[in-house]
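Participant:
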Amino acid sequence: MATQLPNWMALAPTLVLAATALVLLLIDSIDPDSSSRGLLAGTATIGSLAAVGFAVWFLIAGTGEEPISLYGDALVVDTMALFFAFVFASVTAMVSVASYDYLRDHSYQGEYYALVTLAATGMTLMAAANSLAVVFVSLELASLPSYALVAILKKNRGSVEAGLKYFLIGALSSSIMVYGISLVYGVTGSMILSDVASAAGGTELTGVLGIGVLMILGGFAFKTASVPFHFWAPEAYEGAPAPISAFLSSASKAAGFAVAFRVFTVAFPASQLANVDWVLAAQILAVVTMTLGNFAAATQDKVKRMLAYSSIGHAGYALIALASLSGGNDSFVLGAGMAHLLVYGFMNTGAFLFIALTEYWSVGRNFEDFNGLSEQAPFACGVMTLFMFNLAGLPVGGGFMSKYFLFGAAVDAGFWWLAALGAINSALSLYYYSRVVKAMWIEEPSGDLDIESKPVGLYAALATAALVTVLLLPGFGPVWEYATQAASALVA
Amino acid sequence: MLIEALIAVTLASAFAVFLAPDKIAGKLAFALSLIPVVGSLWMYSTFEATGNALTQGGSLAFEENFQWVVAGPYSLNWHVGLDGISMPLVVLTTILTTLALLASWTPIQERQSQFYGLMLFLEASLLGVFSALDFFLWFVFWEMVLVPMYVLIGVWGGPRRKYAAIKMFVYTNIASLVMFIGFVALVFGLGDSVTTFDLPAVAQALRGGQLQGLGPIGAETLKVVAFFAMFAGFAVKVPVVPFHTWLPDAHVEAPTPVSIMLAGVLLKMGTYALLRFNFTMLPQTAADYAPLIATFAVVSVIYGAMLALAQSDLKRIVAYSSVSSMGYVILGLVAYTMYGMGGATFQMVAHGLISGLMFMAVGVIYNTTHTRMVSDMSGMASKMPFTVAVFVAGAFGYMGLPLMAGFAGELFIFLGAFSAETLGTAAPLFTSAAMFGIVIVAGYLLYAMQRTLFGPFELETDYEVGPAAFHDVAPLVVLVLLVILLGVDPNIFYTMIQDAVSPLVPAAGGGL
Numbered sequence: 014m015a016t017q018l019p020n021w022m023a024l025a026p027t028l029v030l031a032a033t034a035l036v037l038l039l040i041d042s043i044d045p046d047s048s049s050r051g052l053l054a055g056t057a058t059i060g061s062l063a064a065v066g067f068a069v070w071f072l073i074a075g076t077g078e079e080p081i082s083l084y085g086d087a088l089v090v091d092t093m094a095l096f097f098a099f100v101f102a103s104v105t106a107m108v109s110v111a112s113y114d115y116l117r118d119h120s121y122q123g124e125y126y127a128l129v130t131l132a133a134t135g136m137t138l139m140a141a142a143n144s145l146a147v148v149f150v151s152l153e154l155a156s157l158p159s160y161a162l163v164a165i166l167k168k169n170r171g172s173v174e175a176g177l178k179y180f181l182i183g184a185l186s187s188s189i190m191v192y193g194i195s196l197v198y199g200v201t202g203s204m205i206l207s208d209v210a211s212a213a214g215g216t217e218l219t220g221v222l223g224i225g226v227l228m229i230l231g232g233f234a235f236k237t238a239s240v241p242f243h244f245w246a247p248e249a250y251e252g253a254p255a256p257i258s259a260f261l262s263s264a265s266k267a268a269g270f271a272v273a274f275r276v277f278t279v280a281f282p283a284s285q286l287a288n289v290d291w292v293l294a295a296q297i298l299a300v301v302t303m304t305l306g307n308f309a310a311a312t313q314d315k316v317k318r319m320l321a322y323s324s325i326g327h328a329g330y331a332l333i334a335l336a337s338l339s340g341g342n343d344s345f346v347l348g349a350g351m352a353h354l355l356v357y358g359f360m361n362t363g364a365f366l367f368i369a370l371t372e373y374w375s376v377g378r379n380f381e382d383f384n385g386l387s388e389q390a391p392f393a394c395g396v397m398t399l400f401m402f403n404l405a406g407l408p409v410g411g412g413f414m415s416k417y418f419l420f421g422a423a424v425d426a427g428f429w430w431l432a433a434l435g436a437i438n439s440a441l442s443l444y445y446y447s448r449v450v451k452a453m454w455i456e457e458p459s460g461d462l463d464i465e466s467k468p469v470g471l472y473a474a475l476a477t478a479a480l481v482t483v484l485l486l487p488g489f490g491p492v493w494e495y496a497t498q499a500a501s502a503l504v505a
Numbered sequence: 318m319l320i321e322a323l324i325a326v327t328l329a330s331a332f333a334v335f336l337a338p339d340k341i342a343g344k345l346a347f348a349l350s351l352i353p354v355v356g357s358l359w360m361y362s363t364f365e366a367t368g369n370a371l372t373q374g375g376s377l378a379f380e381e382n383f384q385w386v387v388a389g390p391y392s393l394n395w396h397v398g399l400d401g402i403s404m405p406l407v408v409l410t411t412i413l414t415t416l417a418l419l420a421s422w423t424p425i426q427e428r429q430s431q432f433y434g435l436m437l438f439l440e441a442s443l444l445g446v447f448s449a450l451d452f453f454l455w456f457v458f459w460e461m462v463l464v465p466m467y468v469l470i471g472v473w474g475g476p477r478r479k480y481a482a483i484k485m486f487v488y489t490n491i492a493s494l495v496m497f498i499g500f501v502a503l504v505f506g507l508g509d510s511v512t513t514f515d516l517p518a519v520a521q522a523l524r525g526g527q528l529q530g531l532g533p534i535g536a537e538t539l540k541v542v543a544f545f546a547m548f549a550g551f552a553v554k555v556p557v558v559p560f561h562t563w564l565p566d567a568h569v570e571a572p573t574p575v576s577i578m579l580a581g582v583l584l585k586m587g588t589y590a591l592l593r594f595n596f597t598m599l600p601q602t603a604a605d606y607a608p609l610i611a612t613f614a615v616v617s618v619i620y621g622a623m624l625a626l627a628q629s630d631l632k633r634i635v636a637y638s639s640v641s642s643m644g645y646v647i648l649g650l651v652a653y654t655m656y657g658m659g660g661a662t663f664q665m666v667a668h669g670l671i672s673g674l675m676f677m678a679v680g681v682i683y684n685t686t687h688t689r690m691v692s693d694m695s696g697m698a699s700k701m702p703f704t705v706a707v708f709v710a711g712a713f714g715y716m717g718l719p720l721m722a723g724f725a726g727e728l729f730i731f732l733g734a735f736s737a738e739t740l741g742t743a744a745p746l747f748t749s750a751a752m753f754g755i756v757i758v759a760g761y762l763l764y765a766m767q768r769t770l771f772g773p774f775e776l777e778t779d780y781e782v783g784p785a786a787f788h789d790v791a792p793l794v795v796l797v798l799l800v801i802l803l804g805v806d807p808n809i810f811y812t813m814i815q816d817a818v819s820p821l822v823p824a825a826g827g828g829l
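For the record, the sequence lines run as chains X and F. Residue numbers 14 to 505, in our numbering, belong to the letters of the first sequence in order. Residue numbers 318 to 829, in our numbering, belong to the letters of the second sequence in order.
(1) With which residues is F/GLU775 paired in a DSSP beta bridge?
(2) My output table needs one value for F/TYR391: the three-state DSSP class, helix, strand or coil.
(3) Measuring only the C-alpha atoms, how far is F/GLN601 from F/THR538?
(4) Can you tell me whether F/GLN426 is buried or exposed, with buried defined as 16 or more other CB within 10 angstroms of its CB?
(5) Does the separation of the CB atoms of F/ILE730 and F/ALA627 fall below 8 Å?
(6) I want to see whether chain X comes within less than 8 Å of F/TRP563, judged by CB atoms only; does it?
(7) Tell me, please, which residues DSSP counts as bridged to X/ILE205.
(8) In terms of alpha-carbon separation, which member of X/PRO254, X/PHE392, X/PRO487 and X/THR92 lies closest to F/LEU393?
(9) How big is the Cα-Cα spacing for F/GLY550 and F/VAL511?
(10) Counting only beta-carbon separations shorter than 8 Å, does X/GLY490 have a partner in chain F?
(11) Closer than 9 Å by beta-carbon distance: list the chain F residues that pair up with X/PHE418, in chain order.
(12) To the nearest angstrom, how far is the alpha carbon of F/MET586 from that of X/ALA452?
(13) How would you list, in chain order, the residues of chain F whose beta-carbon sits under 8 Å from the beta-carbon of X/PHE402?
(14) Roughly how many angstroms lie between the CA atoms of F/VAL557 and F/LEU648, to the nearest whole one?
(15) Can you give the beta carbon distance from X/GLY232 to X/GLY193, rounded, assuming they're within the 8 Å contact cut?
(16) At what residue ranges does the stretch 653-725 of chain F contain a whole run of the alpha helix (DSSP H), taking only runs of 4 or more?
(17) Using DSSP's beta-bridge definition, name the partner residues of F/PHE383.
(18) DSSP state of F/ASP630, grouped into three classes?
(19) Skipping 5 residues on each side, what residues in its chain have a beta carbon closer than 7 Å to that of X/VAL292?
(20) How would you label X/LEU484, buried or exposed, when you count the other beta carbons within 10 angstroms and need 16 or more for buried?
(21) If contacts are defined as beta-carbon pairs under 8 Å, then F/MET461 and X/PRO80 qualify, I think. What distance do you get, rounded to the angstrom?
(22) Kindly list, in the order they appear in chain F, the residues whose Cβ is closer than 7 Å to that of X/GLY409.
(23) Locate the alpha helix (DSSP H) running through F/ILE324, then write down its first and last residues.
(24) Mind pulling the chain X residues with CB within less than 7 Å of F/ARG428?
(25) Establish whether the CB of X/GLY395 and some CB of chain F are separated by less than 8 Å.
(26) With a CB to CB cut of under 6 Å and the five nearest residues on each side skipped, what residues in its chain are close to X/VAL197?
(27) Looking at the structure shown, is F/LYS540 part of a helix, part of a strand, or coil, going by DSSP?
(28) Distance check for X/PHE365 and F/THR748, CA to CA, integer angstroms please.
(29) Here's a check: name, in chain order, each residue in its chain whose Cβ is nearer than 7 Å to the Cβ of X/ALA299, leaving out the five neighbours to either side.
(30) Which residues of chain X have a Cβ atom closer than 9 Å to the Cβ of F/PHE335, listed in chain order?
(31) Determine, for F/LYS479, whether the minimum Cβ-Cβ distance to residues of chain X falls below 8 Å.
(32) Name the residue from X/LEU152, X/SER144, X/ILE229 and X/ILE165 whose alpha carbon lies nearest to the alpha carbon of X/ASP208.
(33) Which residues, in chain order, does the stretch 442-476 of chain X contribute to contact with chain F at a C-beta distance below 8 Å?
(34) Does the Cβ of X/LYS236 have 16 or more other Cβ atoms within 10 Å, making it buried, or fewer, making it exposed?
(35) Check the Cβ of F/GLY714 against every Cβ in chain X and list those closer than 7 Å, keeping chain order.
(36) Whole angstroms are fine: how far does the CA of X/GLY55 sit from the CA of F/LYS484?
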């Protein structure tokens, strides 16, 4: 395949997303007051679906099984980059479709879709970054549009406040991370990940290197909403328009993990950096993140905020993948982490899109406001139930499989206590997830809410997310195959 | 592909009914549910399996085995198939679901399309439980059952439905977790000899004594720990005293059709799993602890029956009687004799039909009188003679009258348990203690019937009491006919059950 297409074509998913963003900006500049939601949402959707198509095509055709290096090794397209490109582009497509209804009567529509696709471009670059410089630039490319997107409801105080908070913490962690990168560069004299690894192995400046590595880890912790850089997450997810919350908590988080997986396995392989024990740091992060996220989620009154905290908890599960490296079967562990992020991309997006739907209907935000909602909208509540049970890890979809494989991999790597804590947390999470189900189905309706409209876009996006989540149960095989293949290329 | 088709058709029907308007949902669900009935009966008629699904030798019916996920050294498969143990339960599931759907027409008046959709979803999950032969696949279906059950009880149940639904959900879900850990520990304990979660492969390796132990835990300890982890998990589902407290709550609050499914099929998941996992995979451990398990069984029989005797709510009486009846099944299993194990399996089907019948009859009476309190009713026979006649027939079946299904099942169980080597000299003691349960069963049923059905008509209710609608009584009649049919000719199922059970029984060469 690679002989037929030029090498740069391997970046097709990224390029398509970037081009879509430009086209959207073009449309907006031709007609700044355009209210043609269909054109904007349609362009964004088609663009991201094209990116999905390229990613799937390349994965099936085997592009990237032999990693393709581009631009002096600054970028590398391998199975993992394509795997995550698929996740980001799918989430982008669902979010774009759902935004069609959500953004009705909102201003800045052109900018909205352009920012979403730009952020997605940054995320696909993050997954392909092979140089610390690209890591930083792509991370910023993904982050800056996100700040604006969170605050895009300019007249909504929550949204603006969330955007500001997100931006401030983001700027802080960016600077921490870039300082870390500079320290690592100072020690190793290279930005290219593999060169960093070879230079780091023999250095005597382990102290400086260690601080640099930890600071970089801090940058990723921000992007993945892991403790202790998680403070922005509940605010941002709650204040942002719900489709953007879906985008951030699924795609953006997965992007953080994608780049973290690559940087920490390629540049700082645990086997070579015996003096810098970042695996221990990741273990602490994982335990604290999942425990804190789950306990905080259990005490929330608002559904969207509960989902925000549970998303922090899920970051903790994904951190298990990093934390269990060096256990002997790295590709198994890492693959499990990737597979979980893919499944999570669909089930968590779906959950937030359901919140988007309730916001569209002006249903309240508390659990009580969801009471008896299933009488009005059985289909939507049915799929929300599916997402909730999936997030909790009941076997009604891919969520069970990916979680089981993640915990199983951790046990296999000898970190049974991580898996045990994960399982306990998972059991706890059933409590607050089922609260939503209970409110929707079992409680009597409290208000006299009457839902008449059934927004097509939101329903279509929800149905897609639900369908994929369910199909990922029987179809977990191929996902697992690609994930472990991608992982083994990294840790080999 | 027949099993897949059966599950797929049921799932698709569930989805179609869920989206259908309320007006036609009930009739549509009933009509669609006839497809799996016909399908399962056709499978029964062409059934050609020999031996047990989990032991070597013989062949399974409608077996399919595809690779599902390969994870490092381990592989998960889509593996389904039926043997003489699961075939009767599949038939029971499809028939009972259809009848339960018919029995829903009267009591379920709100959010019908959702109700019927969930019932069909429940059926699909149950079919999966009884046909899956890979642990993961099986566990997926096993847990899938909980979701519709939770909503069915929670939405359409009685006044304390929220409490009952959550209690059921939490109890059985924790039980599943305990069981899951027990089984997975066993598979890891097998070391490299088994790298799959395929139930037959795991069972054969365990029976072949290939358990190595897990880390610091030795093989013998692991066996016992895993056995009781699984036993505890399944005992909640059965339910065995003292793990039974969720059941009466769930039964009393659940609407009639859900009670029918709960007593008729869901409880069988517990005994079915006990048979497949505990008694097939770790027969020696089961035999070692036979007296203990038999004690659990006998206590369940007697205590459940005593509790039933003390109830004043007709539905509660039937609910507690299930605890009692499932105790017989466990006694039969632990006996490890041809009659004991075969009888236990047969009793699963028989009890499914009879308890379904009883719940349905109580439901029909409740629909007309709007009360279930024994003290509120008297002389129902004079107002609704046909329903009462069927009720009495069902009660006789429950008491184990000859020529009815209950008699065959219980007789086999007692025959088997009486000569059980696993129970040693105490076998006759356990058996006769359990047999005494029958006396109590007859006691509470006759006592309840005498007070509610016979005597002068008196009823404290504002509702007009008259004969029930045709679609309410029809499923009762079908069940009575089936109960009699199985009682007159137990060989409809018993020969195939025997064939599947014999490899497990020491005297037949199965070996402990």
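C-beta atoms are modelled at their ideal positions from N, C-alpha and C, and glycine is treated no differently. It should be emphasised that the depicted structure is a prediction, and the values quoted were computed from it without experimental measurement.
Facilitator: According to the structure shown:
(1) The residue you call residue 775 of chain F lines up with position 458 of the second sequence. Per DSSP, F/SER695.
(2) Position 74 of the second sequence, counting from 1, holds the residue named residue 391 of chain F. Residue state, collapsed to three classes: strand.
(3) Locating residue 601 of chain F in the second sequence gives position 284, counting from the first residue. Locating residue 538 of chain F in the second sequence gives position 221, counting from the first residue. Computed Cα separation, rounded: 13 Å.
(4) Start at 1 with the first residue of the second sequence, and residue 426 of chain F comes out as number 109. By the 10 Å Cβ count, F/GLN426 comes out exposed.
(5) What you label residue 730 of chain F is simply residue 413 of the second sequence in a count that begins at 1. What you label residue 627 of chain F is simply residue 310 of the second sequence in a count that begins at 1. No, the pair does not count as a contact, with Cβ atoms beyond the cut-off.
(6) Position 246 of the second sequence, counted from the first residue, corresponds to residue 563 of chain F. With 8 Å as the cut-off, F/TRP563 does not count as an interface residue toward chain X.
(7) In the first sequence, residue 205 of chain X corresponds to position 192, counting from 1. DSSP lists X/SER144 as partners of X/ILE205.
(8) For this step, residue 393 of chain F is matched to residue 76 along the second sequence. Shortest Cα-Cα distance from F/LEU393 to any of X/PRO254, X/PHE392, X/PRO487 and X/THR92 involves X/PRO487.
(9) Sequence index remark: in the second sequence, residue 550 of chain F carries index 233 (1-based). Sequence index remark: in the second sequence, residue 511 of chain F carries index 194 (1-based). If you take the alpha carbons of F/GLY550 and F/VAL511, they lie about 23 Å apart.
(10) Numbered from its first residue, the first sequence carries residue 490 of chain X at position 477. Yes - at least one Cβ of chain F is within 8 Å of the one on X/GLY490.
(11) The count along the first sequence starts at 1 and reaches residue 418 of chain X at position 405. Contact note: X/PHE418 reaches chain F through VAL386 and ALA388, using a C-beta cutoff of 9 Å and chain order.
(12) Stepping through the second sequence from its first residue, residue 586 of chain F is reached at position 269. Stepping through the first sequence from its first residue, residue 452 of chain X is reached at position 439. Roughly 29 Å between the two C-alpha positions.
(13) Within the first sequence, numbered from 1, the residue matching residue 402 of chain X stands at position 389. Around X/PHE402, the beta-carbon contacts reaching into chain F at under 8 Å are VAL464.
(14) The residue you call residue 557 of chain F lines up with position 240 of the second sequence. The residue you call residue 648 of chain F lines up with position 331 of the second sequence. When only Cα atoms are considered, F/VAL557 and F/LEU648 end up about 11 Å apart.
(15) Stepping through the first sequence from its first residue, residue 232 of chain X is reached at position 219. Stepping through the first sequence from its first residue, residue 193 of chain X is reached at position 180. The pair is a contact, with the Cβ atoms about 7 Å apart (cut-off 8 Å).
(16) As for any alpha helix (DSSP H) of minimum length 4 sitting wholly inside the stretch 653-725 of chain F, the runs are 655-686 and 702-716, ordered along the chain.
(17) One-based indexing of the second sequence puts residue 383 of chain F at position 66. Per DSSP, the beta bridge partners of F/PHE383 are F/TRP395.
(18) Start at 1 with the first residue of the second sequence, and residue 630 of chain F comes out as number 313. In the three-state DSSP reduction, F/ASP630 falls in the strand class (E or B).
(19) For the purposes of this step, residue 292 of chain X is identified with residue 279 of the first sequence, where counting begins at 1. Closer than 7 Å at Cβ, skipping near neighbours: ALA283, ALA336, LEU338 and SER339.
(20) Counting from 1 along the first sequence, the entry for residue 484 of chain X is found at position 471. Burial call: exposed.
(21) Along the second sequence, one-based indexing puts residue 461 of chain F at 144. Along the first sequence, one-based indexing puts residue 80 of chain X at 67. In fact, because the Cβ distance is near 40 Å, the residues do not count as touching under 8 Å.
(22) As a first step, residue 409 of chain X is located in the first sequence; it is residue number 396 there, counting from the start. Per the sequence shown, residue 409 of chain X should be read as Val rather than Gly. MET461 and VAL464, listed in chain order.
(23) Reading the second sequence from its first residue, position 7 is the one you call residue 324 of chain F. Note, F/ILE324: alpha helix (DSSP H), 319-336.
(24) Indexing the second sequence from 1 puts residue 428 of chain F at position 111. Chain X residues near F/ARG428: GLU388.
(25) Residue mapping note: residue 395 of chain X aligns to position 382 of the first sequence, counting from 1. By this cut-off, X/GLY395 is an interface position.
(26) Walking along the first sequence from the start, residue 197 of chain X turns up at place 184. Hits under 6 Å: GLY225.
(27) The residue labelled residue 540 of chain F in the question sits at position 223 within the second sequence. Residue state, collapsed to three classes: helix.
(28) What you label residue 748 of chain F is simply residue 431 of the second sequence in a count that begins at 1. What you label residue 365 of chain X is simply residue 352 of the first sequence in a count that begins at 1. Straight-line Cα distance between these residues: approximately 58 Å.
(29) Position 286 of the first sequence, counted from the first residue, corresponds to residue 299 of chain X. Hits under 7 Å: GLY329, LEU332, ILE333, ALA336 and LEU431.
(30) Against the second sequence, residue 335 of chain F aligns to sequence position 18. Result: PRO391, PHE392 and GLY395.
(31) For the purposes of this step, residue 479 of chain F is taken as the residue at position 162 of the second sequence. Yes - at least one Cβ of chain X is within 8 Å of the one on F/LYS479.
(32) Your numbering for residue 208 of chain X matches position 195 in the first sequence. Looking at the Cα atoms, X/SER144 is the closest of the given residues.
(33) Residues are counted here when their Cβ sits less than 8 Å from a Cβ of chain F; for the stretch 442-476 of chain X these are LEU443, SER447, VAL450, LYS451, TRP454, ILE455 and GLU456, given in chain order.
(34) One-based indexing of the first sequence puts residue 236 of chain X at position 223. Buried, by the Cβ-count rule.
(35) Taking the first residue of the second sequence as position 1, residue 714 of chain F is located at position 397. By Cβ distance, chain X contributes nothing, its closest Cβ being about 35 Å from F/GLY714, past 7 Å.
(36) One-based indexing of the second sequence puts residue 484 of chain F at position 167. One-based indexing of the first sequence puts residue 55 of chain X at position 42. Between the alpha carbons of F/LYS484 and X/GLY55 lies a distance of about 47 Å.
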